[in-house]
């Protein structure tokens with residue numbers, strides 16, 4: 001069996017793979033997961049703490065800088081994680097012509113919902 | 001060609017339905033299903049934020065829908081899905097450090113995920129009911 005390496009000596013010396021981003025998807029899913037642990041727990045705890053509160057009290061809380069920042073970070077991490085997760089689900093179960101359209105729709109949808117949520121959070125934070 | 005295939009069908013690998021469901025396989029698919037459920041919850045979160053940003057009347061409509069009996073049942077399911085996915089996700093993060101792959105550890109962490117999810121869901125709702 002011919003065991004000559006396919007990679008150039010330079011590529012071997014630099015220690016990189018073919019495109020240097022083979023584990024990109026896996027890695028970002030983990031990073032977003034780690035970010036979501038404190039962010040989602042903060043969100044759930046805050047919602048529980050605000051049970052039964054009226055609109056004004058709730059808005060006062062959401063207008064605080066810490067709540068605004070954490071809410072926006074939550075939206076970014078949540079929809080990034082969602083996009084990556086749903087992509088894998090589609091890749092695993094959808095094998096028809098819909099697959100490409102579904103992948104594009106999930107990616108665009110997640111970015112759109114994230115942007116919409118961030119704008120809503122900002123309007124609450126700095127709006128009248 | 002088609003005649004030949006009819007005479008001797010190609011061997012097929014067993015489908016998923018052949019296997020007896022086990023804790024490992026059930027938790028694996030549960031992590032996926034709860035992930036998809038939570039994707040829908042993420043959209044609800046955005047709708048809820050839009051309602052809050054729009055004003056007290058729109059917010060009251062959405063809040064009323066959540067506070068209805070159907071809303072509460074859905075929210076309870078969402079809470080359980082969240083804690084299952086959270087605990088299952090932490091289990092995956094531990095596996096990513098190349099820890100806990102012995103069969104005993106896998107079953108121990110699996111039951112821990114189930115127990116922690118039930119306890120956290122009940123605790124969250126009890127706290128919410130007593131706080132509100």
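Chains as they are written, first to last, in the numbering used here: chain A, 1 to 128; chain B, 1 to 132. For every residue, glycine included, the Cβ atom is placed at its ideal position computed from N, Cα and C.
Apart from the five residues on each side of it in sequence, which residues of its chain come closer than 6 Å, Cβ to Cβ, to residue i?
| i | result |
| --- | --- |
| residue 75 of chain A | 114, 117, 118 |
| residue 203 of chain B | Because chain B is modelled from 1 through 132, residue 203 of chain B falls outside the range shown and cannot be assessed. |
| residue 113 of chain B | 87, 88, 91 |
| residue 1 of chain B | With a pLDDT of only 48 at residue 1 of chain B, under 50, the local geometry of the prediction cannot be trusted, and the value read off the model is given with reservation. Excluding sequence neighbours, residue 1 of chain B sits near nothing in its chain. |
| residue 94 of chain B | 100 |
| residue 12 of chain A | none |
| residue 131 of chain B | none |
Kindly indicate if chain B contains any beta-carbon less than 8 Å away from that of residue i.
| i | result |
| --- | --- |
| residue 117 of chain A | yes |
| residue 31 of chain A | no |
| residue 120 of chain A | yes |
| residue 23 of chain A | no |
| residue 102 of chain A | no |
| residue 90 of chain A | no |
Using a beta-carbon distance below 8 Å, is residue i in contact with chain A?
| i | result |
| --- | --- |
| residue 8 of chain B | no |
| residue 46 of chain B | yes |
| residue 50 of chain B | yes |
| residue 128 of chain B | yes |
| residue 39 of chain B | yes |
| residue 131 of chain B | yes |
| residue 59 of chain B | yes |
| residue 124 of chain B | yes |
| residue 1 of chain B | Only weak support exists for where residue 1 of chain B lies, its pLDDT of 48 falling under 50; the value from the coordinates is given anyway. Chain A, which has no Cβ nearer than 8 Å to the Cβ of residue 1 of chain B, makes this no. |
Who are the Cβ neighbours of residue i in its own chain at under 7 Å, not counting the five residues just before and after it?
| i | result |
| --- | --- |
| residue 25 of chain A | 84 |
| residue 81 of chain B | 34, 37, 38 |
| residue 75 of chain B | 66 |
| residue 81 of chain A | 29, 32, 33, 36 |
| residue 40 of chain B | none |
Leaving aside the five residues before and after residue i along the sequence, list all residues of the same chain whose C-beta is less than 8 Å from its C-beta, in chain order.
| i | result |
| --- | --- |
| residue 69 of chain B | none |
| residue 73 of chain A | 35, 39 |
| residue 70 of chain A | 39, 42, 43 |
| residue 31 of chain B | 84, 85, 88, 89, 92 |
| residue 134 of chain A | No answer is possible for residue 134 of chain A: the residues shown for chain A start at 1 and end at 128. |
Can you name the residues of chain A whose CB is closer than 7 Å to the CB of residue i?
| i | result |
| --- | --- |
| residue 145 of chain B | A query on residue 145 of chain B cannot be resolved here, the shown segment of chain B reaching from 1 to 132 and no further. |
Taking residue i as the query, report the chain A residues whose CB atoms sit under 8 Å from its CB, ordered along the chain.
| i | result |
| --- | --- |
| residue 42 of chain B | 78, 79, 82, 113 |
Starting from the beta carbon of residue i, find every residue of chain B whose beta carbon is closer than 9 Å, and list them in chain order.
| i | result |
| --- | --- |
| residue 127 of chain A | 53 |
| residue 98 of chain A | Within 9 Å Cβ-Cβ: nothing; residue 98 of chain A doesn't reach chain B, min ~16 Å. |
| residue 86 of chain A | 35, 36, 39 |
| residue 94 of chain A | Chain B residues near residue 94 of chain A: none, gap ~13 Å exceeds 9 Å. |
| residue 28 of chain A | Simply none; closest approach about 13 Å. |
| residue 105 of chain A | Those within 9 Å of residue 105 of chain A in chain B number zero; the least Cβ separation is about 12 Å. |
Applying a beta-carbon distance threshold of less than 9 Å, which residues of chain A neighbour residue i?
| i | result |
| --- | --- |
| residue 56 of chain B | 54, 55, 56, 59 |
Could you tell me which chain B residues have their CB closer than 8 Å to the CB of residue i, listed as they occur along the chain?
| i | result |
| --- | --- |
| residue 123 of chain A | 53 |
| residue 11 of chain A | Neighbours of residue 11 of chain A on chain B: none; closest Cβ ~27 Å, over 8 Å. |
Taking residue i as the query, report the chain B residues whose CB atoms sit under 7 Å from its CB, ordered along the chain.
| i | result |
| --- | --- |
| residue 49 of chain A | 131 |
Q) Using Cβ-Cβ distances below 7 Å, what residues of the region 16-36 of chain B are close to chain A? A) 32, 35, 36
(Q) By the 8 Å beta-carbon criterion, what residues does the region 80-101 of chain B contribute toward chain A? (A) 82, 86, 89, 90, 92, 93, 96
Q) Closer than 9 Å, Cβ to any Cβ of chain B: which residues of the region 51-74 of chain A, in chain order? A) 51, 52, 53, 54, 55, 56, 58, 59, 62, 71, 74
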